[in-house]
Amino acid sequence: MTAGDRVFEQVLQLLEKYNQEGRPVSAGTDLGADLAIDSVAAMDLIMEIEDRFDIDIPINLVADLRTVGDLVELVRQQLEGRSD
Amino acid sequence: MDILAKHSALAARHEELLRLGVDPFAVRLDEVLSPTLAVVRGRETILLGTNNYLGLTFDPACIEAAAEAARTLGTGTTGSRIANGTYGLHRELEEAFARFLDRRSCIVFTTGYQANLGMLVGLAGPRDVILLDSDSHASIYDGCRLSGATVVRFRHNDPEDLDRRLTRLAGKGECKLIVVEGLYSMLGDVAPIDAFVEVKKRHGAWLFVDEAHSFGVFGEHGRGVAEAQGVDREVDFVAGTFSKSLGAVGGFGASDHPAFDHLRFCSRPYMFTASPSPATMASTRVALQRIAEDPGLRRRLWDNARRLHEGLSALGLALCAPASPVVAVRLADERSAVAAWNRLLDNGLYVNLALPPGTPGGLCLLRCSVSAAHSPDQIDEACARFARVADELDLRVPA
C-alpha cells in the first residue's frame, strides 16, 4: 500500500460516522450531495483529520473542497508541507 | 437559473418552522414596556433573551443624553469620519473607553459586528496566521476571512490544542494572532484567557479578546473576563460592543500598542461606513459612566443569573455551563426545541431559540440572557413558566 493509499484509507475511516446511510465511498463521492456533510459537520471532520494526521488545515482551503478525492489530496499536500 | 435557488433548502427549513408556530427569527415586540417586559401578540411577556445585561436601555440619564445629543447635533452623522468629519462626541467617547479600560487608545465602530471586522482586518494580513477558537462568533470568522490571513481553528477553550498548533506552525507566517471571546454567547461558557496568555507568551503570538458579552459583566471594574482572571494587561487587543451591557448600538476596539490608531487608515469597516450617531455616542458615554460608578448593577445581574441557573437546574433541565448571564437549556432535538420555544412564548416568556448551524456541536438550545433589571419575582416566574412547559412537553434530556 502506498502512502497515498494509506491517507485515503484513514480518511475513509474518519468519514464512516458521517456516512449515516452507509453509501459506498470513492474518490468521486461528493461530501455535501452524497454524504450530506454540511458546513458545520465539515469543520468537525477537518478537526478530526488534523488530529489524526497531526497537521493543520487552514479554513481558507476548505471552501473549495467538494469530493472525497479533494479532501485526500488536501491532506497529502499538508503532510508534504509539514516541517518535520 | 433562479439566483436565489441556492437558499431553497434553508427556505424550506424556515417554512417548516412557520408550520410549527410563530417565526422564532422575527418575533415582533409591539410595545417595549421596560428592559424586561414587552407586549408580544397582545400579551405582556417577560423578556429573557435580549442581552440587555445591565438593563440600561431605559436608564433615564442615558435616554436624556441621547435625546439632548439628537436635539443639538442632529439624528445622524451622514457619513464616515475620514470623509465627513469626526464629532467631538466620537473623540470623547473613545477617550472615555480608553480610561475605562486603562488602555492607551480606543477606536469606536458603528456596530459590534464591524468592530470585530475592523479590528481583524486592520491587525492581520495575507502574510499572517490567525488562530481562532472554533466556537467564535460569525463576525470573527468574517473578519478573519476578510483579512486574507491564513486561518487555523483550534478546539474550543482548549489551550493545549492551541499550543500544539502553534508548535506545528512555528516558522510559518510573519505574525500569529490568537482570537478568542471572553464569554461565549450560545452556551454561556467562559474562556480560560489566563491559560491562553501563557500559550501566547510561549510562542510570541498576539492575543485578541472579544469581550462583547462579558464587558460590563465580569471583572472588578467591568472590563471583562480577562480582568476577572487578572490578565487584562497581557491581552494585546480587546474588542466589544455597545449593544449588550451598554444598551445601544456600536462597538469598540482598544489597545496599548503605540501604532494602534493606524487602523483608522487601513481598516475598511471603519473607513467606509457612517460613523455612530450622536444619540448612540451620548447614551453610551453615560452608560459607561453608570457601569463605572454603580457596581450594584453587576451585583444584581449576577444574583439574577445564579437565581435563574439554580431555578432551571432544579427543574431537571440540562444546562450547558455554570451560572453566568447566559443560561442555555439543551433540548433533545430541533422539533422539541421549537415546540418548547413556542409554548414558552404562549406562556408569556421570550427566550432565544438557537439551532444548528448557529450552535456549537449541533445543539438545539433555549438560550436565556439575564438582566440586572429583572426582579427576583420575574426570574421566579420565568422558572415557573419553564416548569409548566417542561411538564407538558417532557423537556428533560439525559446529561
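Chains A and B, in that order, give the protein sequences.
In the working numbering, each number is its position in the first sequence, counted from 1, plus 905.
In the working numbering, each number is its position in the second sequence, counted from 1, plus 157.
For each residue, glycine too, the CB sits at the ideal point set by N, CA and C.
Asked, Found
"Pick from B:P513, B:L469 and B:S481 that is closest to B:V546, judged by C-alpha positions", "B:L469"
"Within 8 Å, strictly: CB atoms of B:M438 and B:S237", "no"
"Neighbour flag for A:N965 against chain B, beta carbons, 8 Å", "yes"
"Cβ contact (3+ pairs, closer than 8 Å) linking the region 319-337 of chain B and the region 361-376 of chain B", "yes"
"Option nearest B:S342 by Cα separation, candidates B:S432, B:C477, B:P433 and B:R421", "B:C477"
"Proximal residues of chain B, C-beta to C-beta of A:V990 below 8 Å", "In this structure chain A extends from 906 to 989, so residue 990 of chain A is not present and cannot be described."
"Close Cβ partners of B:G515 (< 8 Å) along its chain, the five nearest in sequence each way excluded", "M343"
"Short CB-CB distance (under 8 Å) between A:D939 and chain B", "no"
"Closest residue to B:C423 among B:A281, B:N209 and B:L194 (Cα-Cα distance)", "B:A281"
"Cutoff 8 Å: A:D935 Cβ touching any chain B Cβ", "no"
"Local conformation of B:S400 per DSSP, three classes", "coil"
"Positions along the region 908-926 of chain A whose CB lies within less than 8 Å of some CB in chain B", "none"
"Contact with chain A by B:T307, beta-carbon distance below 8 Å", "yes"
"Residue(s) in a DSSP beta bridge with B:Y270", "The partner list for B:Y270 (beta bridge, DSSP) is empty, contrary to what the question assumes."
"contact_flag[the region 517-530 of chain B, the region 458-469 of chain B] where n(CB pairs < 8 Å) is 3 or more", "yes"
"Unbroken alpha helix (DSSP H) run spanning B:N137, endpoints", "Absent from the model: residue 137 of chain B. The displayed extent of chain B is 158 to 556, so no value can be given."
"Chain B contact for A:D969 (CB, 8 Å cutoff)", "no"
"Three-state class that DSSP yields for B:S526 in the structure shown", "strand"
"Burial state of A:S944 (16 or more Cβ within 10 Å)", "exposed"
"Short-range partners of chain A found in the region 338-356 of chain B, where Cβ spacing is below 7 Å", "none"
"7 Å Cβ shell around B:A306 - same chain, five flanking residues per side excluded", "A281, G282, P283, D285, V286 and I287"
"C-beta contact flag for B:N509 and B:G206 at 8 Å", "yes"
"C-alpha gap between B:P517 and B:T229, whole angstroms", "46 Å"
"Straight-line Cα distance separating A:L940 from B:A166", "16 Å"
"Interface flag, A:D961 vs chain B, CB-CB below 8 Å", "yes"
"Chain-order list of residues whose beta-carbon lies under 7 Å from that of B:E549 (same chain, five-residue window excluded)", "R500"
"Contact set between B:S291 and chain A, taken where Cβ atoms lie within less than 8 Å", "M948 and M952"
"Coil, strand or helix - B:F375 by DSSP", "coil"
"Exposed unless 16 or more other CB atoms sit within 10 angstroms - verdict on B:P316", "buried"
"Separation of B:Q271 from B:V278, as counted between CA atoms", "10 Å"
"Buried versus exposed call for B:F182 [16 or more other C-beta atoms within 10 Å across all chains shown]", "exposed"
"Coarse secondary structure for A:L919, derived from DSSP in three states", "helix"
"Any 3 or more C-beta pairs closer than 8 Å across the region 484-501 of chain B and the region 235-252 of chain B", "no"
"CA-to-CA distance, B:A436 to B:A224, given in whole angstroms", "6 Å"
"Per DSSP, the bridge partner or partners of B:A411", "B:C263 and B:V395"
"7 Å Cβ cut-off: residues of chain A touching B:R359", "Neighbours of B:R359 on chain A: none; closest Cβ ~17 Å, over 7 Å."
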